[in-house]
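Residue numbers (my numbering), protein chains in the order written: chain L, 1 to 137; chain R, 138 to 540.
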Amino acid sequence: MAYSDKVIDHYSNPRNVGTLNKDEKNVGTGLVGAPECGDVMRLQIEVNAENVITDAKFKTFGCGSAIASSSLATEWLKGKTVDEALAIDNMDIVEELALPPVKIHCSVLAEDAIKAAINDYRVKNGMEPLVLEKSHH
Amino acid sequence: MKQPIYLDNNATTPLDPRVLEAMLPYFTEKFGNASSRNHAFGWVAEEAVDYAREQVAKLVGCTEKEIIFTSGATEADNLAIKGVFEMYSEKGNHIITAVTEHKAVLDTCKHLEKLGAKVTYLQVKEDGLIDLAELEAAMTPETILVSIMYGNNEIGVIQPVKEISAIAHKHGALFMTDATQAVGKIPVNVNEDGIDLMAFSAHKMYGPKGVGVLYVRRKGPRVKVTAQIDGGGHERGMRSGTLNVPGIVGLGKACELCRLEMDEEAKRLSALRDKLESRLTQLEESYVNGNTQHRLPHVANISFKYVEGEGLMMAMKDLAVSSGSACTSASLEPSYVLKSLGLSDDLAHSSIRYGLGRFTTEADIEEAIAITEKAVNHLRELSPLWEMFKEGVDLSKIEWAEH
């Protein structure tokens, strides 16, 4: 299977690889996927007092499309408010990276990771976790 | 653009230029139909096919009359299993095979189950070999065929075929083997190994694609299979269809070259393979899959824990290899062969198969080692699992959200 140039670009030069301190109150961590399925994504956000995401980091175990999806997600997250971040849809990722149908689950995982990170942040800061509609698994 | 280093010789091999040279005249001036008995064009073609039959027979220690040319090993597997099932239906309907067989065998058996066959799929031990006691226990008076592959395509393990055929014969069953990965790579002799039917293919031994062989024993016992393709009665009635003369000439030449060069080549390749393996297993958390004593000289299957196989192959774009990762197949399931060794899904997802061949050089192996080390280290930097492992987190204790 041939990869799109954008997948190759994110895969070869992944943006925002790394780890934020998960114990900080203003850091939200989302860990989604399972090793048995061949994909695990960890996505972290750092949020300031104005509810703006000032930093985002990821690490991903998975195929090229999974790595590219999470790298792209961190790029999009930075500078967005938490509410704007919640609006990111997996199909936006599919479109941007030109993922083929068999790789759509990678984008779903990235969307799940964003939402899981936001929920972790919300719970840490005394907010109710958002009830997430189960995405298309 | 620089060509990647080709280390996928279990998938297919490049055509040896000497084979191509032998084939070329049979596309043009010597184009005759080997069945045309009335003119020189036919005689020339028939003579070439007869010569190729001798070359093939010599490689596996049989007579020319026992060689049935087919379109490849898949067709030969189909002909052997379906042909025996039909021919020996009065004796019984039970077939024994193993879970690590190629799909050409497994899916043929599944098909026959719908037609009333009883099939036993033997499990393998964690080194990939079948348990002979289990085979013995599975034999019944209705067993007509035991079909166990010679060398495995994914992990390279060599099954104890002599012992298997002895058990099959003791219970009055025929022994068939898919020897696609073994013939031409290691000594295979149908008489010493007690083989009654054997499938193999030209393109795994530096011959052309689209040609294969079913060996069918003629003496002690005389084995018969019901034809699966009817027509002009070619190949002693077992496989009709105009013979692929250039392909068969190429197969013959490929067999001859393998016979002459096998000993040296096996030594050279196993030394290169051992080097590759010993260097790559120096990487932390990397494991060789399958038995390392009884195996083909040119295959290494290694799992690099905490990195995913397809992602790894993408990082190794200058290497042409294959992976047991689900992402490389349409099924989204990791390799059934690796899973049958008892490998967990995550290790199966993390596996790479290196298949060395005649044109693999020492420099290729050095480069393959360097590329793999770099890619594994790079992907582990990206891997949350690797980070957790390094922090001492027990990954089996985490509740993963299956998706």
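Backbone N, C-alpha and C define an ideal beta-carbon position, used for all residues, glycine too.
Legend entry - Own chain partners of residue 465 of chain R with C-beta closer than 8 Å, once the 5 adjacent residues on each side are dropped: Residue 465 of chain R sits at position 328 when you count from the first residue of the second sequence. Residue confidence is low: residue 465 of chain R scores 49 on pLDDT, short of 50, so the model does not pin down where it sits. No coordinate-derived value is stated.
Inset, instruction - Assign residue 505 of chain R to one of three DSSP states: helix, strand, or coil. - result: By 1-based counting over the second sequence, the position of residue 505 of chain R is 368. Helix at residue 505 of chain R.
Inset, instruction - For the region 231 to 242 of chain R and the region 284 to 296 of chain R, state whether three or more C-beta atom pairs, one from each stretch, are separated by less than 8 Å. - result: yes
Legend entry - Helix, strand or coil at residue 53 of chain L [DSSP, three-state]: Working through the first sequence from its first residue, we reach residue 53 of chain L at position 53. Here residue 53 of chain L sits in strand by DSSP.
Legend entry - Test: residue 129 of chain L CB closer than 9 Å to a CB of chain R: On the first sequence, position 129 is the one that residue 129 of chain L refers to. Taking Cβ atoms only, chain R never reaches closer than 9 Å to residue 129 of chain L, which makes this a no.
Legend entry - Buried versus exposed, by CB contacts within 10 Å (16 or more), residue 379 of chain R: Within the second sequence, the letter at position 242 stands for residue 379 of chain R. Answer is exposed; the Cβ neighbour count stays below 16.
Legend entry - Contact set between residue 482 of chain R and chain L, taken where Cβ atoms lie within less than 8 Å: Taking the first residue of the second sequence as position 1, residue 482 of chain R is located at position 345. Correct list: 35, 36, 37, 38.
Legend entry - Cβ-Cβ distance between residue 61 of chain L and residue 18 of chain L below 9 Å: Locating residue 61 of chain L in the first sequence gives position 61, where the first residue counts as 1. Locating residue 18 of chain L in the first sequence gives position 18, where the first residue counts as 1. Against a cut-off of 9 Å, the Cβ pair of residue 18 of chain L and residue 61 of chain L comes out as no contact.
Legend entry - residue 231 of chain R: first and last residue of the uninterrupted beta strand (DSSP E) it sits in: Within the second sequence, residue 231 of chain R is the residue found at index 94, counting from 1. Segment 231 to 235, the beta strand (DSSP E) holding residue 231 of chain R.
Inset, instruction - Would you verify that the beta carbon of residue 20 of chain L is, or is not, closer than 9 Å to some beta carbon of chain R? - result: In the first sequence, counting from the first residue as 1, residue 20 of chain L sits at position 20. It does not: the Cβ of residue 20 of chain L has no partner Cβ on chain R nearer than 9 Å.
Legend entry - Bridge-paired residues (DSSP) for residue 286 of chain R: Here residue 286 of chain R refers to the residue found at position 149 of the second sequence. According to DSSP, residue 286 of chain R bridges with nothing at all.
Legend entry - Residue environment, residue 345 of chain R, which counts as buried when at least 16 other CB atoms sit within 10 Å: As a first step, residue 345 of chain R must be located in the second sequence, where it is residue number 208. Classification of residue 345 of chain R: buried, given that the 10 Å Cβ count is 16 or more.
Inset, instruction - Could you have a look at residue 465 of chain R and say whether DSSP puts it in helix, strand or coil? - result: Along the second sequence, one-based indexing puts residue 465 of chain R at 328. Because residue 465 of chain R carries a pLDDT of 49, less than 50, the predicted location of this residue cannot be relied on, and the following value inherits that uncertainty. In this structure, residue 465 of chain R counts as helix in the three-state DSSP scheme.
Inset, instruction - Could you spell out the range, first to last residue, of the alpha helix (DSSP H) harbouring residue 526 of chain R? - result: For the purposes of this step, residue 526 of chain R is identified with residue 389 of the second sequence, where counting begins at 1. It spans 521 to 527 - the alpha helix (DSSP H) in which residue 526 of chain R sits, taken as one unbroken run.
Legend entry - Buried versus exposed call for residue 252 of chain R [16 or more other C-beta atoms within 10 Å across all chains shown]: Within the second sequence, residue 252 of chain R is the residue found at index 115, counting from 1. It counts as exposed.
Inset, instruction - Report yes or no: do three or more beta-carbon pairs, one from the region 190 to 199 of chain R and one from the region 370 to 389 of chain R, lie closer than 8 Å? - result: yes
Legend entry - Proximity to residue 336 of chain R [Cα-Cα], best of R:242, R:262, R:214, R:356: For the purposes of this step, residue 336 of chain R is taken as residue 199 along the second sequence, with counting starting at 1. Comparing Cα positions, the closest option is R:214.
Legend entry - Whole runs of the alpha helix (DSSP H) within the region 390 to 459 of chain R, excluding any shorter than 4 residues: 446 to 452
Inset, instruction - Determine the direct distance from the alpha carbon of residue 197 of chain R to that of residue 324 of chain R, and round the result to whole angstroms. - result: Residue numbering aside, residue 324 of chain R sits at position 187 when the second sequence is read from its first letter. Residue numbering aside, residue 197 of chain R sits at position 60 when the second sequence is read from its first letter. About 8 Å.
Inset, instruction - Please determine if the region 170 to 190 of chain R and the region 209 to 229 of chain R are in contact, where contact requires at least 3 C-beta pairs separated by less than 8 Å. - result: no
Inset, instruction - Please list the partners that residue 443 of chain R has in chain L, where partner means a Cβ-to-Cβ separation under 9 Å. - result: By 1-based counting over the second sequence, the position of residue 443 of chain R is 306. Residues of chain L passing the Cβ test: 35, 61.
Legend entry - For residue 46 of chain L, the residue or residues it bridges with in DSSP: To locate residue 46 of chain L, count along the first sequence from 1; it is residue 46. Note: residue 46 of chain L sits in a beta bridge opposite L:27, L:55.
Legend entry - Whole-angstrom distance between residue 108 of chain L and residue 137 of chain L, CA atom to CA atom: Your numbering for residue 137 of chain L matches position 137 in the first sequence. Your numbering for residue 108 of chain L matches position 108 in the first sequence. For residue 137 of chain L, the pLDDT reaches just 45, beneath the cut-off of 50, and the residue's location in the model is therefore unreliable, although a value from the coordinates is still provided. Approximately 8 Å, taken between the alpha carbons.
Inset, instruction - Would you verify that the beta carbon of residue 521 of chain R is, or is not, closer than 9 Å to some beta carbon of chain L? - result: Here residue 521 of chain R refers to the residue found at position 384 when the second sequence is read from its first residue. By this cut-off, residue 521 of chain R is an interface position.
Legend entry - Member of R:269, R:225, R:525, R:161 whose CA lies at the smallest distance from the CA of residue 301 of chain R: In the second sequence, counting from the first residue as 1, residue 301 of chain R sits at position 164. Ranking the options by Cα distance to residue 301 of chain R, first place goes to R:269.
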